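In the numbering used here, the protein residues as written are 5 to 159.
Working notes, structure below.
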């Protein structure tokens with residue numbers, strides 16, 4: 005049973021405040037993409053996507069486990085993606101969760117692939133990546149501090 009189905013059932017039973025459930029459903033669905041793949045609609049978890057590349061009239065979506073080809077414009081997908089995605093080039097969108105290093109014109113991905121950064125997007129990509137890394141460092145620090153203060157809480 006999907007998270008959206010569970011949230012809808014709970015909303016019907018009114019076990020939680022409606023505002024909480026609507027917010028939860030929005031967060032769940034925002035991290036999912038419904039894509040037309042081989043004459044069906046398939047739900048893809050955005051956290052599984054490493055990056056997307058536009059070639060010709062197709063978008064290639066590279067995930068941890070597979071490569072998906074869809075007939076769609078990259079620009080149509082940009083607005084559907086969560087905040088941890090960034091367009092670093094006219095033909096590329098990356099998931100910042102998988103970027104391990106940034107050089108001026110290249111992003112190095114966790115799987116070893118390299119994604120180009122265009123001159124147009126260099127300054128913005130650098131700023132967004134640095135902000136993302138700093139935000140992650142703050143979250144990790146907070147988590148480690150919490151674990152030290154409350155070692156009996158098991159996550």
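Cβ coordinates follow ideal geometry from the N, Cα and C atoms, glycine included.
Note that the coordinates shown come from a computational prediction; the quantities given were computed from them, not determined experimentally.
- Pairing residue 57 with residue 96 gives a Cβ-Cβ distance under 8 Å.
- The continuous stretches of beta strand (DSSP E) do not include residue 124, and DSSP gives it neither H nor E.
- Going by DSSP, residue 80 is part of the alpha helix (DSSP H) stretching over 78-82.
- Residue 111 and residue 43 have their alpha carbons spaced roughly 33 Å apart.
- Pairing residue 99 with residue 76, the inter-Cα distance amounts to about 18 Å.
- With fewer than 16 other Cβ atoms inside 10 Å of its own Cβ, residue 84 counts as exposed.
- Residue 91 holds the alpha-carbon nearest to the alpha-carbon of residue 131 among 80, 91, 45.
- When rounded, the separation of the alpha-carbon atoms in residue 122 and residue 93 is 5 Å.
- DSSP, read as helix, strand or coil, puts residue 145 in helix.
- Under the three-state reduction of DSSP output, residue 135 falls in the helix class.
- Within the DSSP secondary-structure output, residue 90 pairs in a beta bridge with 98.
- Membership of residue 36 in the beta strand (DSSP E) is indicated by the continuous run 36-41.
- A straight line joining the alpha-carbon of residue 104 with that of residue 114 spans about 6 Å.
- Shown here, residue 107 sits in coil according to DSSP, grouped into three states, outside any helix or strand.
- If you ignore the 5 residues before and after residue 126, its C-beta comes within less than 8 Å of the C-beta of 108, 109, all in its own chain and listed in chain order.
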